[in-house]
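Peer 1: Chains as they are written, first to last, in this note's numbering: chain A, 3 to 322; chain B, 3 to 322; chain C, 3 to 322; chain D, 3 to 322; chain E, 3 to 322; chain F, 3 to 322.
Protein chains: 6
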Amino acid sequence: MAHKFINEIEPGELIDDVYMITEPILRSTTRGDLYMAMFLSDKTGRLDGRMWQATETVYKSLPKPGFVHIEGRSELYQNKLQIVVNNISVIDASKVAIEDFLARTDRDVGQMFDEVKRIVGRVKNPQLKALVGEFLADDELMGKFRDCPGAMKIHHDYLGGLLEHTHDMLQVAVAILPLYEQVQADLVLAGIFLHDIGKTEELSYDMAFSYTDSGQLLGHITQSLLMLNRKADALAAKGTKIDQTVLDALGHIILSHHGEYEFGSPKLPATPEAFMVYYIDDLDAKINQVIAAIDSEQSDSNWTGWKNALQTKLYRKRIE
Amino acid sequence: MAHKFINEIEPGELIDDVYMITEPILRSTTRGDLYMAMFLSDKTGRLDGRMWQATETVYKSLPKPGFVHIEGRSELYQNKLQIVVNNISVIDASKVAIEDFLARTDRDVGQMFDEVKRIVGRVKNPQLKALVGEFLADDELMGKFRDCPGAMKIHHDYLGGLLEHTHDMLQVAVAILPLYEQVQADLVLAGIFLHDIGKTEELSYDMAFSYTDSGQLLGHITQSLLMLNRKADALAAKGTKIDQTVLDALGHIILSHHGEYEFGSPKLPATPEAFMVYYIDDLDAKINQVIAAIDSEQSDSNWTGWKNALQTKLYRKRIE
Amino acid sequence: MAHKFINEIEPGELIDDVYMITEPILRSTTRGDLYMAMFLSDKTGRLDGRMWQATETVYKSLPKPGFVHIEGRSELYQNKLQIVVNNISVIDASKVAIEDFLARTDRDVGQMFDEVKRIVGRVKNPQLKALVGEFLADDELMGKFRDCPGAMKIHHDYLGGLLEHTHDMLQVAVAILPLYEQVQADLVLAGIFLHDIGKTEELSYDMAFSYTDSGQLLGHITQSLLMLNRKADALAAKGTKIDQTVLDALGHIILSHHGEYEFGSPKLPATPEAFMVYYIDDLDAKINQVIAAIDSEQSDSNWTGWKNALQTKLYRKRIE
Amino acid sequence: MAHKFINEIEPGELIDDVYMITEPILRSTTRGDLYMAMFLSDKTGRLDGRMWQATETVYKSLPKPGFVHIEGRSELYQNKLQIVVNNISVIDASKVAIEDFLARTDRDVGQMFDEVKRIVGRVKNPQLKALVGEFLADDELMGKFRDCPGAMKIHHDYLGGLLEHTHDMLQVAVAILPLYEQVQADLVLAGIFLHDIGKTEELSYDMAFSYTDSGQLLGHITQSLLMLNRKADALAAKGTKIDQTVLDALGHIILSHHGEYEFGSPKLPATPEAFMVYYIDDLDAKINQVIAAIDSEQSDSNWTGWKNALQTKLYRKRIE
Amino acid sequence: MAHKFINEIEPGELIDDVYMITEPILRSTTRGDLYMAMFLSDKTGRLDGRMWQATETVYKSLPKPGFVHIEGRSELYQNKLQIVVNNISVIDASKVAIEDFLARTDRDVGQMFDEVKRIVGRVKNPQLKALVGEFLADDELMGKFRDCPGAMKIHHDYLGGLLEHTHDMLQVAVAILPLYEQVQADLVLAGIFLHDIGKTEELSYDMAFSYTDSGQLLGHITQSLLMLNRKADALAAKGTKIDQTVLDALGHIILSHHGEYEFGSPKLPATPEAFMVYYIDDLDAKINQVIAAIDSEQSDSNWTGWKNALQTKLYRKRIE
Amino acid sequence: MAHKFINEIEPGELIDDVYMITEPILRSTTRGDLYMAMFLSDKTGRLDGRMWQATETVYKSLPKPGFVHIEGRSELYQNKLQIVVNNISVIDASKVAIEDFLARTDRDVGQMFDEVKRIVGRVKNPQLKALVGEFLADDELMGKFRDCPGAMKIHHDYLGGLLEHTHDMLQVAVAILPLYEQVQADLVLAGIFLHDIGKTEELSYDMAFSYTDSGQLLGHITQSLLMLNRKADALAAKGTKIDQTVLDALGHIILSHHGEYEFGSPKLPATPEAFMVYYIDDLDAKINQVIAAIDSEQSDSNWTGWKNALQTKLYRKRIE
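1. Over the uninterrupted beta strand (DSSP E) stretch that includes Gly193 (chain A), give me the two end residues.
2. Could you tell me which chain B residues have their CB closer than 8 Å to the CB of Asn88 (chain D), listed as they occur along the chain?
3. Mind listing the chain B neighbours of Asp323 (chain F)? Cutoff is C-beta to C-beta under 7 Å, in chain order.
4. Measure the Cβ-Cβ separation of Val248 (chain F) and Ile321 (chain E) and say whether it is below 7 Å.
5. Leaving out five residues on either side along the sequence, give the residues of the same chain with a beta carbon under 8 Å from the beta carbon of Glu203 (chain D).
6. Kindly indicate which three-state DSSP category Gln55 (chain E) falls into: helix, strand or coil?
7. What residue does the alpha helix (DSSP H) around Thr202 (chain D) start on, and which one ends it?
8. Using only CA atoms, which one of B:Asn290, B:His259 and B:Ala56 lies nearest to Asp170 (chain B)?
9. Who are the Cβ neighbours of Glu299 (chain E) in its own chain at under 7 Å, not counting the five residues just before and after it?
10. Quick check: what's the CA-CA separation for Leu130 (chain D) versus Leu252 (chain D)?
11. Considering just the uninterrupted stretch of the beta strand (DSSP E) at Ser258 (chain A), what are its terminal residues?
12. Answer yes or no: do Val111 (chain E) and Gly162 (chain E) have a C-beta to C-beta separation smaller than 7 Å?
13. Using a Cβ-Cβ cut-off of 7 Å, state whether Asp284 (chain D) counts as contacting chain F.
14. Could you pull the DSSP bridge partners for Thr158 (chain B) from this structure?
15. Here's the rule I'm using: 16 or more other beta-carbon atoms within 10 Å means buried, otherwise exposed. How should Leu16 (chain D) be labelled?
16. DSSP three-state call for Thr214 (chain C): helix, strand or coil?
17. Which runs of the alpha helix (DSSP H), 4 residues or longer, sit entirely within the stretch 117-187 of chain E?
18. Is it true that the CB of Val292 (chain D) sits closer than 7 Å to the CB of Leu316 (chain D)?
19. Can you tell me the Cα-Cα spacing of Ala39 (chain C) and Ile194 (chain B), whole angstroms?
20. Suppose the cutoff is 8 Å on Cβ atoms and the five residues either side in sequence are ignored; what does the same chain contact list for Leu172 (chain F) look like?
21. Taking 7 Å as the CB-CB cut-off, is Asn304 (chain E) touching chain A?
22. Give me, in chain order, the residues of the same chain whose beta-carbon lies closer than 7 Å to that of Gly47 (chain A); leave out the 5 immediate sequence neighbours on both sides.
23. Any C-beta of chain B within less than 8 Å: which residues of the stretch 206-221 of chain F qualify?
24. Assign Ile178 (chain F) to buried or exposed, taking buried as 16 or more other Cβ atoms, counted over all protein chains shown, within 10 Å of its Cβ.
25. If the cut-off is 7 Å on Cβ atoms, which residues from the stretch 230-259 of chain D count as contacting chain C, listed in chain order?
26. With which residues is Tyr37 (chain F) paired in a DSSP beta bridge?
27. How far does the alpha helix (DSSP H) with Arg232 (chain D) in it reach, from first residue to last?
28. So with CB distances below 9 Å, who are the chain E contacts of Ala192 (chain F)?
29. For a test of the three-state rule: what should DSSP assign to Leu49 (chain F), helix, strand or coil?
30. Answer yes or no: does any C-beta atom of chain A fall closer than 7 Å to that of Pro128 (chain E)?
Laid out in structure tokens, this is it:
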């Protein structure tokens, strides 16, 4: 049975479905009865839930947060939709269609990953080729690379977003590298492939998008660099020594790709390749962000609401 | 006879050639004799010039600045090369090979201009097509467009630089527009073609690169917008009315293409097309600037000198 | 019958008056009945409105936003005043006393406009005189100039605010110009008259204050400059050529009058006249803003609330 | 005998006049002879001086810096004018026409001071009147107030500059206060009179303009406030108690009159009077600075050189 | 009887205790009856209060704000706790245990003050010793010094916080001064003792923490400096002249101890002693702020919520 | 024979000593003879050198830069001291007393290193103890740690500066940690020990202070983190697994110790320990920098010259 999405629920419907529960609280009414308040959500939105005649046993059994099966009814209360819960039971995360709860790219992940492999397969420099190959051969990591969101919010903030962003940046690079002959193509392609690879360690995205402790304390830029050096150490152990010069040039692209200190880059771009990766990253992220904001605007206005990260509203009217 | 370039002159050579003269000054020696100090330059550098036994008549005849034919001799004075002038005569600018004095793109101007026309010829929107056509039909303006430098300094700072920069941006746009389907291609192409067109009025580049008074007071962003509106008025007078919606969308690209207030844009990008033009402009300018700095570095160091505009040195060593 | 202002309505009153309606929504209650929620407002404030037993026909007939005649009753609901609507009917904007809905200067518009004409009538430079005259002769534009607010918010944010601000700046200029002899008075007077003229195109103020699409995309600084150039073109067509030097000096005042890049000026002041207009503009706007904040403070405190644009609270106590 | 100004000396003149000497150094030539290098200056400029056959006795007798009588000759050395000194003798500062060494306002100090007294004489609030009177009655301080420069550099950087700047600000205030009725005129006038009074303690201007130790460590804003409180204490000792409310309002004007933290104001303007003093101060200082830069430009160009404090060149061409 | 703290009240309790009342408002219900809304608070939090059947006489008798004795009952209304008031009577502030309403340091004030006296007793320089002694001898001021909070919020925001912060800074100074021999210890100790002494005049903390008018207009940095100069004047009147050099060095520490213009210091640190006081102040304030934020976090998360003043969340997990 | 320091050379001395040569250039005179210009330096300064009758053979034999034995004579040329070189011969770096060329701490390196070991020996947490031990056991690295300068310039810019700075920070930490009980002492001590350890890879200091390529591209913050992870990997290989929690907490201190993004920290401090290391680092660096500037001031003034990094002059007068 298809999941009933939160943003499809009308007042007065019977509810019999799985939702994510967050911040459940047990309270007593003026008369001394216990009741429970909670949020119920999926990837399309969130509603208040109320369970009258709750018990402490039920309350203690609930995950905070986690998945629950809900039986109940939707109703309007003070002009706001809420769900009155009659029965609640815990559901193991493994039994849940996670796509109902976390947004996911609507593009073909397999196809995008094949294209990424095809493009980085063009790298000719033997050491860069070995490094790229070492990452591609790490099945567990590549699994995360295909799943990971591109960011917590702002742009590519959905499962598969990291792959989609990396894929699109590689396509841009392939298109424009012939126009800039002096820029070392191998470095740009390897740099794009690895520039955000640390996001697989920075972000947690099993039930909701959040930062890992390591991610919050170190950040994906540093984590990407550590992963690069671990792969180089692994290659060295297998007899393929990567020159420090190569690690410096590639590491510098990773460190400087945010382009400014205030965005968390500890070094500013200092090579043509670092500049190119920085601009392609920013271009692809901003166009994704702008198009998404325009597409998701609910009103009929020619303008979206104010976008703080861009310090402007966005204009939606087309001349075509 | 080929011009003897300033940076090719060795001590002790006979000089018989045309140079640009700037800041000539008439002075008297301790003994009361008159002599003249001046700078002599071409596009490769500048030397001190000294003319002993100068007269007020000669001094008054000289352009300040302008071109002069010099007969004399190079010599070392306090370890610095200078030119001792025996004869000096004024040369009309029309007789001068201006390429010896102003750097010029080494790429084929005709070919680049044809390619620009070919690419903007792909614009299908009838009003944008009419606007682009009105600019292309203005032979005097197109002549300036082919000659004008891309900037006073920093990037594309040579004759033909504006055309080269516009050409390269158009090629980048053609390469990546298919990857971003929702971005309106016609607006991006017309926007790139016109984004810096006001530089033809902002800059003066007959003998040396400088700002015109209008350019310094208004700036090329505003001048580009004025030119756009004049062409639209001209079209309207001929019966082709350009909708305000089109002028707004195209004008906004021009106004916002520096991307930040502090770089002189009175508006921040608020459309996908404005973001794309801004990033392509910045990418092409920075890659040009970085490659030029790396190529022109005199030392053998792995690093260029400090580049203030980029807040870093640049790394010159290649891994290939 | 005098309009009953929103901020004068007490609980339990009968309502029979015209209000602006915004964001009407049709909803169904728990029992399945349709009802309608809406905002009802005039220039003094905004209340929630509820119409029980609404129909889709009525809902579809309503402007969004627009003016409506309301019959109903005010009541407290959860300690908040709302209007229960019994009858609602659409009113054409032409039948409405717009002063009830948009704040307007309480000063005499005719008198202020006469004073503006009198002061700019002192301009002696023939070309500036012709330019100023061309604007004054444009009745439609001068009508807008008398009506237009000075800004969306912050200062002079009421109908007639642009005129009031321009008028007061001109009076300041007349008072201090004799103290600064080297400042060219004609340029200052013409510059003040035209510095914000583009606001007549940037702002929309028929039912509520908002930006036009052109205003949001181009901004009043650029729009003022375009208007200046169109008037100069019109004069040229009539045989009165305005020198580029005059257009540059006047245009520069317009472009630079915000004084800093981050406030949307694409050029920084570079003439004594541009500095003077910038300071007079800032002085008059800030004093208006500060006095208005002090006058409108509701509490008895010596201090207003925090004013974010000024990064301080304001002190209201007088020593007199 | 009139002083021979530094900027009037031609090569080959006999020199017999008083100059300021700074940084004298005793050196030995290749042959072992002693000679002395020094700078010789007055308010119009500075030249290198050389005294061959110097002795340690002479060197030790010289002030560093101070005034000396020079006998010698001007000559060109490597195209640079220098003074060859034959005799040098120390001159007491009291014997020197200090106007030859420190620039001084060319306006009438007595007239300006009378006008200042006349304007602040209009203050009616009894406590402000008492405070202003206490300052005016301090003859020693008023003597310094008439002499003190307005700043070390940038604007009003000459003897009498503080008076001139205060005088002009008061005139502006008198001209515009009638236009802003709600602004308390007495506070503005007293605030202007005292806003920079601490400069008399911050600056040293006997031989050259410099900061005192107190001035560098505390600054004129804080010093002005201390002086205000000392005068209030003195009045209190004489039985005229100044309310804290008055001292707060007046002190706040002094503290906030630089308008921004980064310019050394520890508080931002929070009263209409503080805003008005801030804007009048900035207006008068900037117009003075801009006019001075335009007037002192040596070249024939339409533009001055780059003015770092204003982040622009200044345009000198007039339309009149 | 112990005070019943706001954060300990459960639904359905009888209330018979003293609370602070703020913002009482008299309103009429739909039926025309009068009722009163108010906030009731102590140092642990704030609840809504409602008194049905209120009268204008009662309303007018209430302090706004002030202390009241409340008889009534707690209840849940729309899932939010509120207090229904049956009786309300005004309580004089002198009868109130102020500790129930304003947070206070939990450390021993007497002990800390003794330690402060002991440490500043080590000052040997006779003039600094006299100045410090003059402050210590001012019993009224020292009483305020022991009571005053360290700041309105952010750090040491509780009664006794100024003493605690000063005490801890002095201990840090005593610990590290031996490691930096060239730093003048007497100046550092006296500077720390007095750096924030003006907070006793800047802050009001009788019922709630707020700024005094003088504090908001002048600020504690300037107020500290004024107090320093008044004590020096008092000493001078008693025959102990303090050199300007000493007042400059000590005053400079006070003025510059915020370290940056944007934090309200009108001077940047320019002596080793000023740098040391600035760093010790910032270190102690930040560690206090960070530890307090970690300790007061309610959730079980490894992280606190976002701290805007620090631009980060704080990590709470310990490795020990 | 003691080295003759550059700043001790008087005009007319015979020179027979070793100096560093940089930027030698071969040139021809007006007469066509070859001569050589060069810089000759040691740690006390730099002079121009001239060798007349140079040959291309000699020129080609010279290191650029490197050490040379010079025979010649000092003389004044245009009032500037230079060295006329008669004989020049290359000296191997191993034969040179490097202390003559690179400034070195004047404190006892062995004693400081012992003290560092003693203090970090107090670390009790087994994993931090293991990590610290792994670094201490790396003799080659510890050798560099003892030699490395603390920075290229600004503070601790001499051999042994890194050790001195680390040593002094550890002493400050030991002194103040008892005052802040909730701060985890082990993390602070280990964090200080390792916070700048990457400078041993970032800086090159064999003949002159410069950045390595890796240092310029990656930076010591990132390099320190890589070294930490390599040591952890090495420990893991030996069976001592370091928890990610420990690596995160320690790594975070390293990454955030510059305290602000603009100083190259990719993360802002988010733990009490990170704040403490940041403040101790900044305090020790600034006090070192300020004392050094005061001590090295050449003039008799109460003030040093302007210090751009501190945005102030420094006051040198003591009150003691």
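For each residue, glycine too, the CB sits at the ideal point set by N, CA and C. All figures in this text were calculated on a predicted structure; none of them were measured in a lab.
Peer 2: Once the coordinates are examined:
1. Annotation: Gly193 (chain A) is outside any beta strand (DSSP E); the continuous alpha helix (DSSP H) that includes it extends over Ala187 to Leu196.
2. Listed by position along chain B, the residues whose Cβ is nearer than 8 Å to that of Asn88 (chain D) form an empty set, because the closest Cβ is around 16 Å away.
3. As displayed, chain F neither begins before 3 nor continues past 322, which places residue 323 (chain F) out of reach and without an answer.
4. For Val248 (chain F) and Ile321 (chain E), yes; Cβs fall inside 7 Å.
5. These residues qualify, in order along the chain: Thr214, Ser216, Gly217, His222, Gln225 and Met229.
6. Coil.
7. First-last of the alpha helix (DSSP H) with Thr202 (chain D): Lys201 to Glu204.
8. Closest by alpha carbon: B:Asn290.
9. Only Thr306 and Arg318 meet the Cβ criterion.
10. When rounded, the separation of the alpha-carbon atoms in Leu130 (chain D) and Leu252 (chain D) is 9 Å.
11. In the DSSP annotation of this structure, Ser258 (chain A) is not part of any beta strand (DSSP E); the continuous alpha helix (DSSP H) holding it starts and ends at Gln246 to Ser258.
12. Val111 (chain E) is a Cβ neighbour of Gly162 (chain E), given a cutoff of 7 Å.
13. It does not: the Cβ of Asp284 (chain D) has no partner Cβ on chain F nearer than 7 Å.
14. With the sequence shown as reference, residue 158 (chain B) is identified as His, and Thr is not the correct amino acid for it. For His158 (chain B), DSSP records no beta bridge to any residue.
15. Leu16 (chain D) comes out exposed.
16. Annotated three-state conformation of Thr214 (chain C) is coil, per DSSP.
17. With a minimum length of 4 residues, the continuous alpha helix (DSSP H) runs that stay inside the stretch 117-187 of chain E are 128-138, 141-149 and 163-178.
18. Yes, Cβ-Cβ distance for Leu316 (chain D) and Val292 (chain D) is below 7 Å.
19. When rounded, the distance between both Cα atoms is 48 Å.
20. If we look at Leu172 (chain F) and ignore the five residues flanking it on each side, its Cβ neighbours are Glu117, Val118, Ile121, Val122, Leu191, Ile194 and Phe195.
21. So yes, Asn304 (chain E) belongs to the interface.
22. Excluding residues up to 5 positions away in sequence, Ile8 and Asn9 lie with their Cβ nearer than 7 Å to the Cβ of Gly47 (chain A) in the same chain.
23. Legend: CB atoms of the stretch 206-221 of chain F lying less than 8 Å from CB atoms of chain B belong to residues Asp215, Gln218 and Leu219.
24. Result: buried.
25. For the stretch 230-259 of chain D, which is checked against every Cβ of chain C, the residues closer than 7 Å are Thr247, Val248 and Ala251.
26. Paired residues: F:Arg29 and F:Trp54.
27. Counting along the chain, the unbroken alpha helix (DSSP H) around Arg232 (chain D) starts and ends at His222 to Ala239.
28. What Ala192 (chain F) touches in chain E: nothing, since even the nearest Cβ is about 10 Å away.
29. Strand, per DSSP.
30. It does not: the Cβ of Pro128 (chain E) has no partner Cβ on chain A nearer than 7 Å.
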